[in-house]
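Just below is one structure, and these are the notes that go with it.
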Amino acid sequence: MGKPDLELVARLEEKAVDIRKQLIEMTYAIGHAHLGGSLSLCDVAVALYYHFLRFDPQNPKDPDRDRLILSKGHCGCLFYNIFADLGMYTKEELYNGYNRIGGRFGQHPNRKYIEGFEASTGSLGHGLSLAVGFAFSGRMDRANWRVYCITGDGELNEGSNWEAIMFAGHHRFGNLVAIVDRNKIQGNGWTEETVRLEPLADKWEAFGWDVINVEDGNDMEQIVDVLGSLPPVDPVTPRRPICIILNTVKGKGVAFMENEPKWHAGGLSAEKKDECLRLIEQSRKVRR
Amino acid sequence: MPDRITWDFAEMLSKASARDLFMLKLLELAETNKDIVYICADGAPKGSKQDEFRKRYPEQFIEVGIAEPNAIGIAAGLALCGKIPFVNAFGPFLSVRATDQIHTDMAYNDVPVRVIGTHGGLTSGGGPTHYTVCDYAIMRSIPNMTMVAPADANQCVKLIEASLTYPGPMYIRVARGEEPLVYSTDDYDYRIGKAIIAKEGSDATIVGAGIGVYNGLVAAQRLEKEGISVRVIDMHTIKPLDTETLEKAARETGLIITVEDHNIIGGLGAAVAEAVLESGIPCKFKRLGIPDVFAELGDPEDLYAYYGYDGAGICAQIKKML
Numbered sequence: 099m100g101k102p103d104l105e106l107v108a109r110l111e112e113k114a115v116d117i118r119k120q121l122i123e124m125t126y127a128i129g130h131a132h133l134g135g136s137l138s139l140c141d142v143a144v145a146l147y148y149h150f151l152r153f154d155p156q157n158p159k160d161p162d163r164d165r166l167i168l169s170k171g172h173c174g175c176l177f178y179n180i181f182a183d184l185g186m187y188t189k190e191e192l193y194n195g196y197n198r199i200g201g202r203f204g205q206h207p208n209r210k211y212i213e214g215f216e217a218s219t220g221s222l223g224h225g226l227s228l229a230v231g232f233a234f235s236g237r238m239d240r241a242n243w244r245v246y247c248i249t250g251d252g253e254l255n256e257g258s259n260w261e262a263i264m265f266a267g268h269h270r271f272g273n274l275v276a277i278v279d280r281n282k283i284q285g286n287g288w289t290e291e292t293v294r295l296e297p298l299a300d301k302w303e304a305f306g307w308d309v310i311n312v313e314d315g316n317d318m319e320q321i322v323d324v325l326g327s328l329p330p331v332d333p334v335t336p337r338r339p340i341c342i343i344l345n346t347v348k349g350k351g352v353a354f355m356e357n358e359p360k361w362h363a364g365g366l367s368a369e370k371k372d373e374c375l376r377l378i379e380q381s382r383k384v385r386r
Numbered sequence: 002m003p004d005r006i007t008w009d010f011a012e013m014l015s016k017a018s019a020r021d022l023f024m025l026k027l028l029e030l031a032e033t034n035k036d037i038v039y040i041c042a043d044g045a046p047k048g049s050k051q052d053e054f055r056k057r058y059p060e061q062f063i064e065v066g067i068a069e070p071n072a073i074g075i076a077a078g079l080a081l082c083g084k085i086p087f088v089n090a091f092g093p094f095l096s097v098r099a100t101d102q103i104h105t106d107m108a109y110n111d112v113p114v115r116v117i118g119t120h121g122g123l124t125s126g127g128g129p130t131h132y133t134v135c136d137y138a139i140m141r142s143i144p145n146m147t148m149v150a151p152a153d154a155n156q157c158v159k160l161i162e163a164s165l166t167y168p169g170p171m172y173i174r175v176a177r178g179e180e181p182l183v184y185s186t187d188d189y190d191y192r193i194g195k196a197i198i199a200k201e202g203s204d205a206t207i208v209g210a211g212i213g214v215y216n217g218l219v220a221a222q223r224l225e226k227e228g229i230s231v232r233v234i235d236m237h238t239i240k241p242l243d244t245e246t247l248e249k250a251a252r253e254t255g256l257i258i259t260v261e262d263h264n265i266i267g268g269l270g271a272a273v274a275e276a277v278l279e280s281g282i283p284c285k286f287k288r289l290g291i292p293d294v295f296a297e298l299g300d301p302e303d304l305y306a307y308y309g310y311d312g313a314g315i316c317a318q319i320k321k322m323l
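First to last, the protein sequences are chains D and X.
Each number in the working numbering corresponds to the 1-based position in the first sequence with 98 added.
Each number in the working numbering corresponds to the 1-based position in the second sequence with 1 added.
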């Protein structure tokens, strides 16, 4: 891996701070969001949508775009904020259309209502099979786009994932990348106390994937390094698909939410919101 | 269209396998339609038509192994990319095991995946783990879904053709192997969602789906010889339901019997009952099918007789109610 472009890293870090704040503002405005997992996923999502993903917010159906399937659909609110920030709709539309009759923005995203989402998700353990369908389609069409699938770690309890992982390992898709948000907490508590996932990388490898373990999945330099070093898309030649395990912190950026299962989902008072914004501002890295 | 479209079963009885014929149709269609993808779950043994599909169109063929939920998820992914996937596997493992994927990946995403569940009803002979007796009920209660059970193998071919341009997700139920051909001709109008009058009649109406149409016709032809005129409706599409044809039958015959190789709860009979009752037209009514039990073991014909929805059982029921 080469030396990451530090200017790019700094720009994405700034954006991640910005998106975290927007997420907090939205949660306060609408009264409820899946904050913990959205905060852990925020940095890689920003890196993808503001640099690495071939995606034009003005033309979200561009046939040449990269595809991203959000298997952990409960973190749709993170992407709502990113898409709004990219100008695909206004904050007013989002706030007024969240979780209400006639609204477009559910707790889990519906592709038919919101452009930018490739699939409607929410029920866990579905994204990888869908992504494999995309990868197969890309192979049929010799298409030069990549399909990413973002899964949570807790959702890997679902057996359906392993059907898809086994299939993809067999077919060796060179256009498929899975990203695991390894924040180590699921709805109930710690993943390792619920049903042990480790050794997680070994499991993916045994199923025929190459695994890239990112030690700090909230460190933009490490994220840029790994996304920037992915081999080029190859829809045809079989090769082991890639799984990026991002070791993240649930609730990242808001100290009192970090590694705290109770902040999986919820609302914020005005006081808490202000505290969150202050803490996120404090987390801003100064590189210059 | 000819005057009479169904066989006279006293004269002739031929059989054909929907599983063979739809594969032949797909082999033909996939030659020119490069968006068609055939997906099976451990279902392409050497020498089979599925194997031929694999050899002729390797890039349009997917074998997922024994993993029906993955088959549906992959198919939904393909359909989201504009492909036309046909998923073919044992009905029980698609309709029950993969319900989650059918509900969320196919129906909620509203994509044109065609699921073909074989071994419908009790035709597998494999016992309750291998019977498909809940598919009508499950599929018709999932929004966006279309649920179709062709009456015979030739009609299944018409359905496959019609499905290519039909929007949204669809579940197609077929039987295990060789089943009686109900229609003596291909020269009839087939439209998804539009029932077919398989036989005219005025004293009573039998509404069947799948093998229920054949059993109903056997009963109707037998009753005709006794001077009882029975209409037979081929309700191949269970959802969306052709309520117009049902209301007409209720009004004109005053007696409706439904026949299905399915649990009597939630399936064709339930759908017809809902429509007729809500129409406000007074009508005698009876559902025939599996009486909400895990069915006994045995050959399907014996089981139909045992549970009273073979030709003889339907005859007896109509006579009782007239």
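For every residue, glycine included, the Cβ atom is placed at its ideal position computed from N, Cα and C.
Short Cβ contact (8 Å threshold) for residue i with residue j
i	j	result
G211 (chain X)	A154 (chain X)	no
L137 (chain D)	G365 (chain D)	no
D103 (chain D)	V322 (chain D)	yes
I37 (chain X)	F234 (chain D)	no
N259 (chain D)	G200 (chain D)	no
A326 (chain X)	L256 (chain X)	In this structure chain X extends from 2 to 323, so residue 326 (chain X) is not present and cannot be described.
D279 (chain D)	L139 (chain D)	yes
V115 (chain D)	R382 (chain D)	yes
L168 (chain D)	I248 (chain D)	yes
L218 (chain X)	K200 (chain X)	yes
V275 (chain D)	R165 (chain D)	no
R198 (chain D)	R270 (chain D)	no
K240 (chain X)	I258 (chain X)	no
I237 (chain X)	Q156 (chain X)	The sequence shown places His at residue 237 (chain X), rather than the Ile named in the question. Cβ distance < 8 Å, so H237 (chain X) and Q156 (chain X) count as in contact.
L269 (chain X)	Y184 (chain X)	no
K282 (chain D)	E290 (chain D)	yes
A262 (chain D)	N216 (chain X)	no
I25 (chain X)	K50 (chain X)	One point to set straight first is that residue 25 (chain X) is Leu, not Ile, in the sequence displayed. Closer than 8 Å, so yes.
M318 (chain D)	E111 (chain D)	yes
Beta-carbon contacts of residue i that lie in its chain and below 8 Å, excluding the five residues immediately before and after
i	result
I198 (chain X)	R232, V233, I234, D235, T246
L121 (chain D)	A131, L133, S136, L137, C140, C175, L176, N179
P155 (chain D)	F181, L184, G185, M186, G214
L1 (chain X)	Here chain X covers residues 2 to 323 and nothing more, so residue 1 (chain X) does not appear.
D243 (chain X)	G194, K195, A196, M236
Close-in-space but distant-in-sequence residues of the same chain around residue i (CB under 6 Å, 5 per side omitted)
i	result
N255 (chain D)	V293
N242 (chain D)	V331
G1 (chain X)	With chain X represented from 2 up to 323, any question about residue 1 (chain X) goes unanswered, as that position is not in the structure.
G267 (chain D)	F305, G306, W307
L328 (chain D)	none
S280 (chain X)	E248
F232 (chain D)	R165, V245
V107 (chain D)	M318, E319, V322
Anticipated Cβ contact below 8 Å, residue i with residue j, distance rounded
i	j	result
G171 (chain D)	P207 (chain D)	6 Å
Y346 (chain X)	S218 (chain D)	This structure leaves residue 346 (chain X) out entirely; chain X is present only between 2 and 323.
D272 (chain D)	V331 (chain D)	A small correction: the amino acid at residue 272 (chain D) is Gly; Asp does not occupy that position in the sequence shown. Contact holds; Cβ gap of about 7 Å.
A306 (chain X)	A176 (chain X)	Actually they do not touch by this definition, with Cβ atoms about 17 Å apart.
A220 (chain X)	I291 (chain X)	So it is not a contact: roughly 18 Å between Cβ atoms.
D1 (chain X)	G178 (chain X)	There is no way to answer for residue 1 (chain X), as the model of chain X reaches only from 2 to 323.
Three-state class that DSSP yields for residue i in the structure shown
i	result
V347 (chain D)	coil
K86 (chain D)	Here chain D has residues from 99 to 386 only, and residue 86 (chain D) is not among them.
Y363 (chain X)	The requested residue 363 (chain X) is not part of the displayed model; chain X covers only 2 to 323.
D243 (chain X)	coil
P70 (chain X)	helix
V294 (chain X)	coil
L110 (chain D)	helix
F286 (chain X)	strand
E201 (chain X)	coil
I340 (chain D)	strand
K371 (chain D)	helix
C173 (chain D)	helix
Q156 (chain D)	coil
A42 (chain X)	coil
L123 (chain X)	coil
L325 (chain D)	helix
V149 (chain X)	strand
Contact test: residue i Cβ vs the ligand FMN heavy atom, cutoff 7 Å
i	result
A76 (chain X)	Within the structure as shown, the ligand FMN is missing, as the structure has no ligands at all.
Close Cβ partners of residue i (< 7 Å) along its chain, the five nearest in sequence each way excluded
i	result
Y178 (chain D)	L192, F203
request  = State whether the region 156-164 of chain X contacts the region 18-37 of chain X, with contact taken as three or more CB pairs (one from each stretch) at a distance under 8 Å.
outcome  = yes
task = Decide yes or no for the touch test of the region 128-148 of chain X against the region 83-101 of chain X: beta carbon pairs closer than 8 Å, at least 3 of them.
result = yes
message = Is it the case that the region 139-148 of chain X contacts the region 165-173 of chain X, given that we only count it when at least three CB pairs across the two stretches are under 8 Å?
response = yes
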